[in-house]
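Taking it in order: structure first as structure tokens, then the write-up.
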Amino acid sequence: NETTSYWSFISRYCQIWKSPWGNQVKDIQDPNDSRIKILREKLSHIMLRRTKAEVLTELPDKLITQYWVELEGTQKELYDRMHQDMLITLVSGQMIVAPVVIAQIIRLKQIATSHSQLEKPGKAVEGAKIQALFELLESLGDKQVVIFSQFKEVVKRLAEFKSLETNVLVTGDNSAEERQRKIDVFQ
């Protein structure tokens, strides 16, 4: 796990070019490139790649639907204030480091997901997105649903709702065995 090992791997299996910001790395785009073939051969004994179409033919096509949700009340006020503060900082010309910007973006996402978790951790989740989620779940009836969230605490709070109590909760806290057991129950 030394830096030299990383750069040795990168130089062998990726494209590198120099820029004013240092070395830049780009994936090899040509699947017929000999370096890709060599890497696949080296990984073949530990890695198996299959597509959904090859192994789960009974599954329907993925359905992606976008739901636009308007924030309201306290949630909208918090989001707008944080957004405005970020803009003022940008316009001021003050130097901003990347970790600060990333933290602010994550905070905006938290506010948009469930502002109540920021105000009082452990409190029931609420907000426009949560309300929209429950409306969607109600319209789906008894269908099995998978809910993803960037925020573990939101998922944990959602699992406490009566209408979701029979569902399976999987987070990064679960061991591999526990995660598989829960997936088996879900299926």
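Using our numbering, the letters of the sequence shown map in sequence onto residues 53 to 239. Glycine residues also receive a C-beta, built at the ideal position from the N, C-alpha and C atoms.
- Ile68: member of the beta strand (DSSP E) spanning 67-71, first to last residue.
- Ser166 and Pro151 have their C-alpha atoms some 22 Å from each other.
- Per DSSP, Pro151 is one residue of the alpha helix (DSSP H) stretching across 150-166.
- If you check the CB distance, Val177 and Val206 come in under 8 Å.
- Phe186 and Leu221 have their C-alpha atoms roughly 17 Å apart.
- Between the stretch 123-138 and the stretch 93-110 there are fewer than three C-beta pairs closer than 8 Å, too few to call the two in contact.
- Rounded to the nearest whole angstrom, the CA to CA distance from Met134 to Leu160 is 7 Å.
- Judged by their CB atoms, Tyr65 and Arg87 are nearer to each other than the 8 Å cut-off.
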